[in-house]
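S.K.:
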Amino acid sequence: MSYSPFVEEIVKQMVSEPDSVEVDEVLEGNTRTFNVRVAQEDVGKVIGKSGRVISAIRQVVSAIASKSKEKAYVKIVTE
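The numbering of the sequence shown is our numbering, which starts it at 3 and goes up by one.
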């Protein structure tokens, strides 16, 4: 089961440019990695103060994945 639409929807709700949100899912065994790309000015909003926002997103996605006995990681890709 893919959680990519869920991760994308969460991130789109908090950024000022939701059309620029891209989520790539990489599946390796029972581990899913979500590489999230947002507009440069929205990176701070997604990371949050002291990383609290991205930490909360990671916890929710990890909790969902654990029900399927999987591991999930969310990474913010900056270029």
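In this text, a Cβ means the ideal position worked out from N, Cα and C, and glycines have one as well.
So what does DSSP say about A41, is it helix, strand or coil?
M.R.: Residue 41 sits at position 39 when you count from the first residue of the sequence shown. Three-state result, A41: coil.
S.K.: With respect to the beta strand (DSSP E) encompassing K69, which residues constitute its N-terminal and C-terminal limits?
M.R.: Numbered from 1 along the sequence shown, position 67 holds the residue referred to as residue 69. Unbroken run through K69 is the alpha helix (DSSP H), R54 to K69; no beta strand (DSSP E).
S.K.: Hey, I78 and I49: beta-carbon distance below 8 Å or not?
M.R.: As a working note, residue 78 is residue 76 in the sequence shown. As a working note, residue 49 is residue 47 in the sequence shown. Contact flag set, yes.
S.K.: Taking 8 Å as the threshold (C-beta atoms), are V76 and V55 in contact?
M.R.: Here residue 55 is taken as the residue at index 53 of the sequence shown, counted from 1. Here residue 76 is taken as the residue at index 74 of the sequence shown, counted from 1. The answer is no: Cβ separation not under 8 Å.
S.K.: Applying the criterion that 16 or more other CB atoms from any shown protein chain within 10 Å of the CB defines a buried residue, is D44 buried or exposed?
M.R.: Along the sequence shown, one-based indexing puts residue 44 at 42. It counts as buried.
S.K.: Work out the CA separation of F36 and K14 for me, nearest whole Å.
M.R.: On the sequence shown, residue 14 is found 12 positions in, with the first residue counted as 1. On the sequence shown, residue 36 is found 34 positions in, with the first residue counted as 1. If you take the alpha carbons of K14 and F36, they lie about 14 Å apart.
S.K.: Return helix, strand or coil for E24, following the three-state DSSP convention.
M.R.: Counted from its first residue, the sequence shown places residue 24 at position 22. In the structure shown, E24 sits in a strand (DSSP, three-state: E or B).
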